[in-house]
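First comes the structure, then the notes that go with it.
Number of protein chains: 2
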Amino acid sequence: MLNIFLTLSFLVSVIAFLFALYLYLWVRKHKVENKEIERISLLIKKGADTFIKREYKLLAAFELAVFILILIFFPQPVWKGSISGNVLTAFAYILGSIFSALAGKIGILVATLSNGRCAEGAKKGLKDAFLIGFRGGAVMGLLVVGCCLFGVALVLLLTNDTGVLLGFSFGASSLALFAKAGGGIFTKSADVAADLTGKVELGIAEDDPRNPAVIADNVGDNVGDVAGMGADLFDSNVAAMTSALVIASSLSGSVAAMEMVFCYALLGLLASILGIAAARVGKDGNPTRALNSSTYVTTAIFLILTAAATYFVEGFSWNIWLSSATGLIVGLIIGLTTDYFTDDTKPVVRKVAHASASGAAFTILSGTSYGFVSCLPAMAGIAVSSLISYQLCAPLGEGYAIFGIAMAAVGMLSIVGMIISNDAYGPIVDNARGLAEMGGLGEETIRIADELDSAGNTVKAVTKGFSIGAAGLTVISLLGAFMSETNAALAEAGKPLITGFDIMNPTVFFGLLVGAAIPALFSAMLILGVDKNAQRMVEEIHRQFSTIPGLKEGNAQPEYSQCIDIAAKGALKELIPAGLMTIITTLLVGFIAGPLAIGGFLVGNIVSGLLLALFMSNAGGLWDNSKKYIESGNEGGKGSDAHKAAVIGDTVGDPYKDTAGPSINTQITVVSLVASLASALFASFSLFG
Amino acid sequence: MLNIFLTLSFLVSVIAFLFALYLYLWVRKHKVENKEIERISLLIKKGADTFIKREYKLLAAFELAVFILILIFFPQPVWKGSISGNVLTAFAYILGSIFSALAGKIGILVATLSNGRCAEGAKKGLKDAFLIGFRGGAVMGLLVVGCCLFGVALVLLLTNDTGVLLGFSFGASSLALFAKAGGGIFTKSADVAADLTGKVELGIAEDDPRNPAVIADNVGDNVGDVAGMGADLFDSNVAAMTSALVIASSLSGSVAAMEMVFCYALLGLLASILGIAAARVGKDGNPTRALNSSTYVTTAIFLILTAAATYFVEGFSWNIWLSSATGLIVGLIIGLTTDYFTDDTKPVVRKVAHASASGAAFTILSGTSYGFVSCLPAMAGIAVSSLISYQLCAPLGEGYAIFGIAMAAVGMLSIVGMIISNDAYGPIVDNARGLAEMGGLGEETIRIADELDSAGNTVKAVTKGFSIGAAGLTVISLLGAFMSETNAALAEAGKPLITGFDIMNPTVFFGLLVGAAIPALFSAMLILGVDKNAQRMVEEIHRQFSTIPGLKEGNAQPEYSQCIDIAAKGALKELIPAGLMTIITTLLVGFIAGPLAIGGFLVGNIVSGLLLALFMSNAGGLWDNSKKYIESGNEGGKGSDAHKAAVIGDTVGDPYKDTAGPSINTQITVVSLVASLASALFASFSLFG
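Protein chains in written order, with this note's numbering: chain A, 562 to 1250; chain B, 562 to 1250.
This is the structure we're talking about:
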């Protein structure tokens, strides 16, 4: 019976791929007539390719090293048993990375293809431009979710071993770490350097083509926001399915449970396909409403389809449907509270804008404060939904309670195809706006592009809240997966099993405190990385302005590729220590203090990671929109002291919201997966465990 | 046998009181000759009295309400048993507040007495001025620790019930919340308003007497830093002794264990007395070294005395001595790592100063990053010391493991008398520096006062790290106290006992997530409170400058008392919602989800509280010292762009390090004590527990 759902999963994935192909061709048939836009689009595409090539090269070396390590050590050291598990896990690891890389690569291709066309479309009006931007993003959304479902089903079909899926998931996480954190450093160092030299030193517009960093900045939008975000959500989605399947496989009714996982995932993808196909700007021409209503439509379709499946398929439980629905609805609520803190029609953004009139210190203090406040509703939401799903599913039998939480995560991520489409829409229309300016398409076109862009910023807040919430639930279920993996290893070693992680146990508490410090350290390393890299680029820009004659006057071309090169090289260089730090501390804690300490470590990591991720994403969004609110003529408007203060807030918020904040998700997943993969080793070899 | 140690505790407390009296008289016999200094000293003293009077009035109302609540509900609702426990707890609660209030009140008296004398002393040279500042602070240190030891011994002698001590400790915490958070809002709103109007708008010096907020600013140093810090450490110290005694009373060898608690506490006070008596500025005239070396001397004396006691007294265990020593040494190490991040001779401060040259956004980003980095060593230190003490003491018998952690906290806090002396020295010499400027004592005197002030800032970092570390260990042992209280209540109600708080239990996890969000919300409320209150004061200053003729020219006196009034009223008004929020959420979580959720709630609170407290204290200290480093002529010196950026960093850091950061300690303790006091209620009445 499981095979039916695997087959259906392949089928829906293929439908998603075909629909993505259709949308790709639809976008491509729009033509770019403006020569300047065509030229710059090409530069952006080339720049993105440069980064991707570099990133994938570095990643290949990293993957090879991990591949060998897995072959030797994970899940069992070769000298302790058969090697087949290690070989399968190692190949699954590679496969996970390849699937994610593929989705990212194609997504960037489409995004860089759509931006110019979207700008041209804006000449004809809002409707066309919106659809080009949205459908370009949707290609990414469909591919990411399709690859996820296809890959997970494929690995399970071939190996029939949920443990191997941890390898697949770890592959996805490795890539997400490179794509999200590396892309985040890339995009923000380019952005900051472009702002510092362009707006501040030279007094030229944001997208002025004389600035050598301007193309790097546009490339950054694509590699950080499109590819990075796609890899991040691919990772979360795979991790949610993996942990649900690992837990499901140890249940008494394991077949039905595993069927449910695939059924919910494939119906979620189907719902996203329908939601994407239905998206249009209505008569009122409000793109924000169009994006949001397609999210609600997708949610409704998903709930109806899964209810039908629960009704018709034998062994499917209503309690699990309710858990999943709870997860999805809480995801929406978290998104809406995020929106409350970052939307400029709501009081918080206006208060921060008003505080800016007293100086930059007040911009920072008030933004930081509201960022902290914004953590409570989201964390309480995650807490309540995990409690509800647990209570709903506990009566179903042993192990079902944690499975309920895993299914809440699957539910929250079910509409991820839609979420990614909305999210990838943002950087496409952002780029389109820049291109419209650089190509001189006229004020009306720029105004339309602006409107599209502002809608992108608004829905971004919602989707970010969503993805952090989903990551929260996923890692809770990964904790369950870690425990079942550890107990399997302990049982094999003839040692007493772990019954839980008691906070009063000092080994657990030790892990908890150390684990809580890691996301803070990780974020700090990324932010400092952005700082350093931006400084390097500023030096390069100064060099170009002083050595290229006629550049300032616009008679000569800047060497864009130099800046792209610096951004790419530096991003990867700054990323590696942060990535290694998280993996090494996990292994250190495990080998020193054993599985109990790792349990605490994972929880400390989740709790402080969620807190910091929410804080940084929301404070960053808040500062960004406060600045925009002032720029639209409030508190003295552009050029006022309040505006200068708000620009400082925005610059602080940039690496918060686009580098560190969203990378913490990935960091948590990486740590959880490393712990699960190494659980057998920790169970056998630990100093004080 | 316990009575011997109680008697000795009274004896050593009285010695401390007498020594404090001697130091007070010694400080008082120095005369203030400068009329201006005398006049301003008096204004500061009056201002501090105004705040203290207001605060104590509000506190009295609050205390009365809590007194009645305790009488009716805690530890057992009156309708469920005898009322005697409630009566004792209620009176112990009042006593705890009175003792803390007394220590704070006298401390302020001495501090406001010492500042003018210290300024005058600086005319004669470093040695005298140092001793006046240090001994003024020492009066506070001796009184706080003496009151703590005396009070705890008294309550135990009278009631012979460690449970009643929770009431005493809660009394101390309530006061600390008012004193620390209220004082923190007071001092920073005055500071920020004075800076904004004086330095920024009018371009007059920091301590210019024309500024109506300048006296409020000086008052703030006393009410926030002296009284607030004293109340905070009184609270931590009482909480550490209380939790150790509550746990000790449930052990098999309870008498010896309780004896140890008193023995260690009284020897710590004795060691502090000796260390204070020995403190002198050496021939090299380095006040930082003098302060640090007296800390080391006290540490050594304490370790030797407790080793001797362990050797001679029957039933004292070396394992516990080692735990206690571990706590103390880890405390020192945490202090030193804090120093590394905030001392301007070390690289971090210089890097942040250098980053400021690129603009304020980089000041904020780099300071935030290093603040995050600084959390790891301290959290790992707390984690390691709790793990070591647990492992050391677990072999002694059931319950001893947690007792070991409690004794590590007692050890870390043993030299708190010395710590407070060093810490109170800071605001005294800071005030003295201001007075020297206002009194026109000449450049050489100001230079000496500056040197004393800078030493105060340096050791402040160490003592802050120390007090956060101690709070961390104390709340871990309070968690143990909460569990034993809950189990006593559960046993009485005939319900199954709690064996621990398993993170995999969703009720615990629910509490964990919600608890982790509370310190963030609490800090945000305090920071926003400072913001709002500073805005009110800025308005008042503007009013005075526009309505008092001749004020700007120095021909008229500003109305200092108006600003003091605004600071005091506003501080208490802003504090109340934050304080109530922490108490109400604790009760809500307990009554909704029961004792297991509260266990998670406390741990979430500790973990995120420690993280945020360390981050804010260290980032704030870092920005403060970066600004000073630039002011001493680096990165362009005063007036440069780097300096302007550093001033923004410092303004952001002020409420971080002096309002929110140190108040989080108290918030954690309040939450832990409320939970312990209400444990019987949670055990009987909870919706889903």
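Beta carbons are placed, not taken as given, at the ideal position from N, Cα and C, and that holds for glycine.
Taking a 10 Å sphere around the C-beta of A:K741, we find 16 or more other C-beta atoms and assign the residue as buried. When DSSP states are grouped into helix, strand and coil, A:D1063 belongs to the strand group.
Following the DSSP letters along the chain, one finds B:G1041 inside the alpha helix (DSSP H) bounded by residues E1004 to E1053. Any Cβ of chain A closer than 8 Å to the Cβ of B:P1067 would place that residue at the interface, and such an atom is present. Contact between B:L864 and B:L569 is ruled out by a C-beta separation of about 19 Å, above the 8 Å threshold. Boundaries of the alpha helix (DSSP H) harbouring A:G1181: Y1121 to E1192, taken from the DSSP string. For A:P1216, the secondary structure class from DSSP, reduced to helix, strand or coil, is helix. If only uninterrupted alpha helix (DSSP H) runs of at least 4 residues are considered, those enclosed by the region 782–852 of chain B are 790–810 and 815–839. With a threshold of 16 other beta carbon atoms within 10 Å, B:T1047 meets it and is buried. When C-beta atoms of the region 766–785 of chain A are compared with those of the region 738–755 of chain A, three or more pairs fall below 8 Å, so the two segments count as touching. Shown here, A:Q637 sits in coil according to DSSP, grouped into three states, outside any helix or strand.
With the rule of 3 Cβ pairs closer than 8 Å, the region 1081–1098 of chain A counts as touching the region 1125–1142 of chain A. Around the CB of A:E762, fewer than 16 other CB atoms lie within 10 Å, so the residue is classed as exposed. Put simply, the backbone Cα of A:L1073 is about 8 Å away from that of B:A944. Burial check for B:E616: the Cβ neighbour count within 10 Å reaches 16 or more, so the residue is buried. Taken atom to atom, the span from the alpha-carbon of B:I1144 to that of B:L630 is near 13 Å.
The region 978–998 of chain A makes contact with the region 663–682 of chain A; the number of CB pairs closer than 8 Å reaches 3 or more. Per DSSP, B:F1246 is not a residue of any alpha helix (DSSP H), being assigned neither H nor E.
The beta-carbon distance between A:A955 and A:S804, rounded to whole angstroms, is 18 Å. This is too long to meet the 8 Å contact definition.
Excluding five sequence positions before and after B:H915, the CB atoms of its chain that fall closer than 7 Å to its own CB belong to E1196, given in chain order. Within the same chain, Cβ atoms closer than 6 Å to the Cβ of A:I1127 are found at R1097, M1098 and E1101, the five residues on either side in sequence being excluded.
Neighbours of B:M940 across chain A, judged by C-beta separation under 8 Å: L1074, V1075, A1077 and A1078. For the pair of segments examined, the region 922–941 of chain A was found to touch the region 1206–1217 of chain A: the number of CB pairs separated by less than 8 Å reaches three.
Its Cα nearest to that of A:R696, the residue A:W587 stands out among A:W587, A:A817 and A:I1229. Where A:T720 is concerned, the enclosing alpha helix (DSSP H) starts and stops at L687 to T720. The continuous alpha helix (DSSP H) containing A:R994 extends over residues V977 to M999. The beta-carbon of A:L1172 is placed less than 8 Å from the nearest beta-carbon of chain B. Residue contact with chain A for B:P1216: present (Cβ-Cβ distance below 8 Å to some residue of chain A). The contact set of A:I925 on chain B, defined by CB atoms closer than 7 Å, consists of I925 and V1213 in chain order.
The DSSP assignment places 596–634 as complete runs of the alpha helix (DSSP H) inside the region 564–634 of chain B, in order along the chain (cut-off: 4 residues).
For the pair B:Y825 and B:A651, the Cα-to-Cα distance works out to about 28 Å. Inter-residue distance for B:I890 and B:A941 is about 14 Å (C-alpha atoms, whole angstroms). Below the 9 Å Cβ cutoff, chain A contributes L926, S927, T929, S930 and F933 as neighbours of B:I1088, in chain order. For A:G1061, the C-beta contacts it makes with chain B under 8 Å involve G1061, D1063, I1064, M1065 and N1066, in order along the chain.
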